[in-house]
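Chemist: Residue numbers (the UniProt record's numbering): 1 to 166.
#1: Are residue 49 and residue 86 close, meaning C-beta to C-beta below 8 Å?
#2: Would you call the CB atoms of residue 31 and residue 7 closer than 8 Å?
#3: What runs of the beta strand (DSSP E), each 3 residues or longer, lie entirely inside the region 86-137?
#4: Which same chain residues end up closer than 8 Å to residue 166 when comparing Cβ atoms and leaving out the 5 residues on each side of it in sequence?
#5: When we look at the beta-carbon of residue 33 and count the other beta-carbons within 10 Å, is it buried (16 or more) or exposed?
#6: Taking 6 Å as the limit between beta carbons, can you name the residues of its chain near residue 142, skipping five residues before and five after?
#7: In angstroms with no decimal places, state the Cα-to-Cα distance between residue 151 and residue 101.
#8: Return the first residue and the last residue of the alpha helix (DSSP H) that residue 194 is part of.
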């Protein structure tokens, strides 16, 4: 839902980051749902390399049938006939563990392997573990700047005290 909301509001890069996080939930969500929202958000963000990888996954799914596979293939051809499969926007951040510069969309550092929890408000990886807000009910984390827009936890909907941000 967060990725769809970000897409509707035009926050395309955040929608891609949130959609990338969905890959961790293949045991709960269908692969078609995950990779179709990833293809949609990355196309909107003009992140065509990510979009291409999502279409490759969609085209190789055995669970969707030949007709849908062909439909995804035709859609991919129409997109990539006009757009080179390259991600244009690359925002770097620093890993708190090894100080490597990594993409802001990585859920883990490819150099040292440290994992970054997802912000429950924005979906972005929390790369600064000492600067996070934690819900007193569900114990999930968020960036303080992101959570300050909410009066309740975006995940469990428990009230956020106003004194938290002082």
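Positions of the beta carbon are idealized from the N, C-alpha and C atoms, including for glycine.
Modeler: A quick look at the data gives this:
#1: yes
#2: no
#3: 92-94, 101-103
#4: With a pLDDT of only 45 at residue 166, under the threshold of 50, the placement of this residue in the model should not be trusted, and no figure is reported.
#5: exposed
#6: 119, 120, 121, 133
#7: 34 Å
#8: Nothing can be reported for residue 194, as the shown portion of the chain is limited to 1 through 166.
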